[in-house]
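Asker: If you're matching them up, the sequences are chains W and C in order.
Going by numbering that gives the first Met the number 0, the first residue of the first sequence is number 0, and it counts up by one from there.
Going by numbering that gives the first Met the number 0, the first residue of the second sequence is number 0, and it counts up by one from there.
Beta carbons are placed, not taken as given, at the ideal position from N, Cα and C, and that holds for glycine.
Below is the structure I would like to discuss, written out as structure tokens.
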Amino acid sequence: MSSSAIHYPPEHRRNFIGRLLAADTISGVKRQRMLLGYLFIAPTVIGLFVFVIGPMIGSFGLSFYKWNVFRPPEFVGLANFQRLAGDARVFLSFKTTFILVAMTVIMLEGLALALALSVYRLANRALSTFFRTAYFLPVLLSGAAVAITLGYLFNKDFGVINYYLGLLGIPKIPWLTSSDTVLFTISLTTVWRNLGFTFIIYLGGLSTMPGEILEAAEVDGAQGWQKLLRITLPLLSPTILFAAVTDIIKMLQFFDEPFIMTRGGPGDASRTVVMMMYESGFGNLDFGYGSAIALVLFAVIMIVTGIQFYLSRRWVFYG
Amino acid sequence: MATAVQNTAYKVNADVQRPRGWKGIKWTKWISLVFLTVMAIITLMPFVWVVSTSLRNSVQSFTVPPKWIPTDMDFSNYSRVFDEIPFWNQIGNSFIITLSVVVGQLVTASLAGYAFARLRFPGRNVLFTLVLATLMIPGQATIIPVFILISRGLHLNDTQWALIIPALATAFGTFLLRQYFKGIPDDYEEAALVEGANQWQIFTRIYLPLASPGMAILAVLTFNAKWNDYFSPLIFMNTKERFPITLGIVDLQGYMATGSISVVLAGIVLSTIPVIIIYILGQRYLVEGLMAGGLKG
């Protein structure tokens, strides 16, 4: 049995590792694949540990310290959070961010959905390709380029937008220079840049919707609005939830547009949470306080994600 | 494949939309066409304005009414961009940073995606859940410790490494490519084993080419995100010659706060050309990838 010459270990199996990983045995192949598995995931897992999970824990730790570059870190317990609770500017920045998120996401989801439904209905392929390309173009631009460009267009005295509104007899609107309008203007800017992205996601949701259900609804006499409200929107609800939550999380981390367009002004009227964190952490080099702000933002994002999980279990229709 | 699905969807829909004795349907069709056109105009106007104003005589660039069709053809605005900021340095930096991150992410994510999809090892599910969990952590929540690590730990502040190294591992890319590797049948591997291929060959010669659509999506999305990134360069970079171009154009505007808009807009046009080229090359993958992405919900 075992004396057969064929079963003598070949050259490469002489040493321990060679024997362990021999490709001509089933367990050897399994061990090869195991080892390869660990080697393959190593860069990603190590990278995420060092630059995401570690720093997340670090943020948590830092928020209990008073630390700037000049003095060694000093443990202060919950002092940063106490300061945060009484900091009117931080409170305002959260309020500003929530208003921006609400305005932007409502406009974004509404417009993107309307665009997707309209483009989806187009029978003309050339037209639908044209619209898809047009709406998607702003997505390619950087927040910086968009903020600069639309900042010029929204200029009160020399801006193109006020010029054309003036032709219609509308007085000059201080788009970016009044605390009443600045958030709406930044919101419009953000909608302009992100509309194509959300639109494409809705279009994707629509084009994978089962055609039979729509046809069956037609046969049953569902028309127009009824079909939209009773059939299309419920079928699309997973996509709507996904897009809305993705947009909410993205907008909660709002920075580029307000930072470049207004630097948070006039006054603090357009200062977002991330701008506050940036100023504390990198302007005043108060790493502990900056981390505390970042953690509160993280908690808000976790709550939004939690709500998403809850809603997707209870409300959303998965076909 | 996705296009095929889409085509039939269009056809089915075209049938559905045919008016059936109710004039109201035609009306809504016209209303939606008007709506689409108005939105397309709003979307495209700023592009036209940027290009035409970047070619206007810079003295009158900020006067209304705007000129939608460039008549001055003043290319001096473009040459002034090169005088005001170290444009070649900055666009070069953007290329170095963006391409390094794209290539790096393709390597790390295809390896990890393959391992999580097709190789069995103890702890695989726990580790994969951990990778997915990092998707929920916003970049801003970790930026201060990452800054401390990069600047004080590794002393890489104000170098391109500061923008490359933290971005090499990607949870999103790993997840995306894992989906692709999972969709490839096992039969290929068995056939390759019979032919005497080793595990590395099975990965590089068989599975990697089959996952290339997924890699294209990751590449295009990462290129777009990294090229346009403003926040991390703002934090890590101090020297103008080392800025990527996003910081460069904001810097250009700072210089010109009272001066010529045409020069700033010329800078924006120049800085956007590479992304437009990438979009044209990868359009199919980008749009399909995003459409598919919406389904993961």
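Given that a residue counts as buried once 16 or more other Cβ atoms are within 10 Å of its Cβ, and exposed if not, what is PHE180 (chain C)?
Answerer: By the 10 Å Cβ count, PHE180 (chain C) comes out buried.
Asker: How big is the Cα-Cα spacing for PHE94 (chain C) and PRO208 (chain C)?
Answerer: PHE94 (chain C) and PRO208 (chain C): Cα-Cα distance of roughly 25 Å.
Asker: Which residue comes first and which comes last in the beta strand (DSSP E) that contains LYS65 (chain W)?
Answerer: Per DSSP, LYS65 (chain W) belongs to the beta strand (DSSP E) from 64–67.
Asker: Can you say whether TRP66 (chain W) is buried or exposed, counting buried as having 16 or more other CB atoms within 10 angstroms of its CB?
Answerer: Result: buried.
Asker: Quick one: complete alpha helix (DSSP H) runs, 4+ long, within the stretch 28–87 of chain W?
Answerer: Fully enclosed alpha helix (DSSP H) runs of 4 or longer: 53–61 and 78–84.
Asker: Quick one: is VAL219 (chain W) buried, meaning 16 or more other Cβ sit within 10 Å of its Cβ, or exposed?
Answerer: Strictly speaking, residue 219 (chain W) in this sequence is Asp, with Val absent from that position. That one is exposed.
Asker: Hey, does LEU118 (chain C) have any beta-carbon neighbour from chain W nearer than 7 Å?
Answerer: Yes, LEU118 (chain C) lies at the interface with chain W (some Cβ there is under 7 Å from its Cβ).
Asker: Using a Cβ-Cβ cut-off of less than 8 Å, give me the residues of the stretch 227–257 of chain W that come near chain C, in sequence order.
Answerer: Per Cβ criterion, the list reads PRO237, THR238, LEU240, PHE241, ALA242, ILE248, LEU251, GLN252, PHE254 and ASP255.
Asker: Since PRO144 (chain C) is in the alpha helix (DSSP H), which residue starts that stretch and which ends it?
Answerer: It spans 138–147 - the alpha helix (DSSP H) in which PRO144 (chain C) sits, taken as one unbroken run.
Asker: Do MET55 (chain W) and ILE136 (chain C) have their C-beta atoms closer together than 7 Å?
Answerer: It is a contact, given that the beta carbons lie within the stated cut-off.
Asker: Among residues of its own chain, excluding the 5 on either side of GLY20 (chain C), which ones have a beta-carbon nearer than 8 Å to its beta-carbon?
Answerer: Low per-residue confidence applies at GLY20 (chain C): pLDDT is 46, beneath 50, and the placement is therefore not dependable enough to give any value.
Asker: Using only CA atoms, which one of W:LYS249, W:ASP246, W:VAL273 and W:VAL244 lies nearest to PHE258 (chain W)?
Answerer: Considering only alpha carbons, the answer is W:VAL273.
Asker: Give the straight-line distance between the Cα atoms of ASP122 (chain C) and VAL145 (chain W), rounded to the nearest whole angstrom.
Answerer: Looking at the sequence shown, residue 122 (chain C) is not Asp but Gly. Whole-angstrom Cα-Cα distance: 45 Å.
Asker: Inspect the CB distances between the stretch 68–85 of chain C and the stretch 227–235 of chain C and report whether three or more fall short of 8 Å.
Answerer: No contact exists between the stretch 68–85 of chain C and the stretch 227–235 of chain C.
Asker: Between ILE40 (chain C) and PHE130 (chain W), what straight-line distance do the alpha-carbon atoms span, to the nearest angstrom?
Answerer: The alpha-carbon atoms of ILE40 (chain C) and PHE130 (chain W) are separated by roughly 10 Å.
Asker: Would you mind working out which of W:ILE45, W:GLU211, W:LEU228 and W:TRP224 sits nearest LEU129 (chain C), comparing C-alpha positions?
Answerer: Closest by alpha carbon: W:ILE45.
Asker: Does the structure place the stretch 59–73 of chain W close enough to the stretch 238–246 of chain W that three or more beta carbon pairs sit under 8 Å?
Answerer: Output reads no: the stretch 59–73 of chain W does not touch the stretch 238–246 of chain W.
Asker: Should GLN252 (chain C) be labelled buried (16 or more other beta-carbon atoms within 10 Å of its own) or exposed?
Answerer: The residue is buried, with at least 16 neighbouring Cβ atoms inside 10 Å.
Asker: Closest by CA to PHE198 (chain W), which one among W:ALA143, W:LEU107 and W:LEU187?
Answerer: Comparing Cα-Cα distances from PHE198 (chain W) to each of W:ALA143, W:LEU107 and W:LEU187, the minimum goes to W:LEU107.
Asker: Could you tell me which of W:TRP191, W:LEU116 and W:ARG270 sits nearest to ILE230 (chain W), measuring between CA atoms?
Answerer: Closest by alpha carbon: W:LEU116.
Asker: Identify the continuous alpha helix (DSSP H) that holds ARG312 (chain W) and give its terminal residues.
Answerer: Here the alpha helix (DSSP H) through ARG312 (chain W) covers 286–313.
Asker: Does any C-beta atom of chain C lie closer than 7 Å to the C-beta of LEU112 (chain W)?
Answerer: Not closer than 7 Å to any Cβ of chain C, the Cβ of LEU112 (chain W) fails to qualify, so no.
Asker: Among the candidates C:TYR284, C:ILE272 and C:ALA265, whose CA atom is the shortest distance from the CA of ASP82 (chain C)?
Answerer: The shortest C-alpha separation from ASP82 (chain C) is found at C:ALA265.
Asker: Specify the secondary structure class of ASN161 (chain W) as computed by DSSP and reduced to three states.
Answerer: Helix at ASN161 (chain W).
Asker: Sorted by chain position, which residues of the same chain lie with C-beta nearer than 8 Å to ARG88 (chain W)'s C-beta, five sequence neighbours on each side aside?
Answerer: Correct list, in chain order: ASP267, ARG270 and MET275.
Asker: Below 8 Å CB to CB, which residues in the same chain sit around ALA196 (chain C) once its five sequence neighbours on both sides are set aside?
Answerer: Closer than 8 Å at Cβ, skipping near neighbours: ARG204 and ILE205.
Asker: How about ASN227 (chain C): is its C-beta nearer than 7 Å to some C-beta of chain W?
Answerer: Cβ-Cβ to chain W under 7 Å: yes for ASN227 (chain C).
Asker: What number of angstroms, rounded off, separates the C-alpha of MET208 (chain W) from the C-alpha of ASN154 (chain W)?
Answerer: Roughly 43 Å between the two C-alpha positions.
Asker: Given ALA114 (chain C), which residues of its chain have a CB within under 7 Å of its CB, disregarding the five upstream and five downstream residues?
Answerer: Nothing meets the Cβ criterion.
Asker: Considering only C-alpha positions, which residue in the set C:GLN89, C:PRO65 and C:ARG241 is nearest to GLY271 (chain C)?
Answerer: The amino acid occupying residue 271 (chain C) in the given sequence is Thr; Gly does not appear at that position. That would be C:GLN89, whose Cα lies nearest to the Cα of THR271 (chain C).
Asker: So that I know if they touch, is there some Cβ in chain W lying closer than 7 Å to that of TYR77 (chain C)?
Answerer: Taking Cβ atoms only, chain W never reaches closer than 7 Å to TYR77 (chain C), which makes this a no.
Asker: Would you report the Cα separation of THR42 (chain C) and ARG177 (chain C), rounded to the nearest angstrom?
Answerer: Those two C-alpha atoms are separated by around 35 Å.
Asker: Taking 7 Å as the threshold (beta carbon to beta carbon), is PHE230 (chain C) in contact with chain W?
Answerer: PHE230 (chain C) counts as touching chain W.
Asker: Return the CA-CA distance between TRP48 (chain C) and LEU114 (chain W), expressed in angstroms with no decimal places.
Answerer: When rounded, the distance between both Cα atoms is 23 Å.
Asker: So the candidates are W:ARG120, W:SER58 and W:PHE80; which of them puts its Cα closest to the Cα of ILE30 (chain C)?
Answerer: The shortest C-alpha separation from ILE30 (chain C) is found at W:ARG120.
Asker: With a threshold of 6 Å on Cβ separation, who are the neighbours of SER57 (chain C) within its own chain once the five nearest residues in sequence on each side are excluded?
Answerer: Once the five neighbours on either side are set aside, the close Cβ partners of SER57 (chain C) are ASN76, SER259 and SER261.
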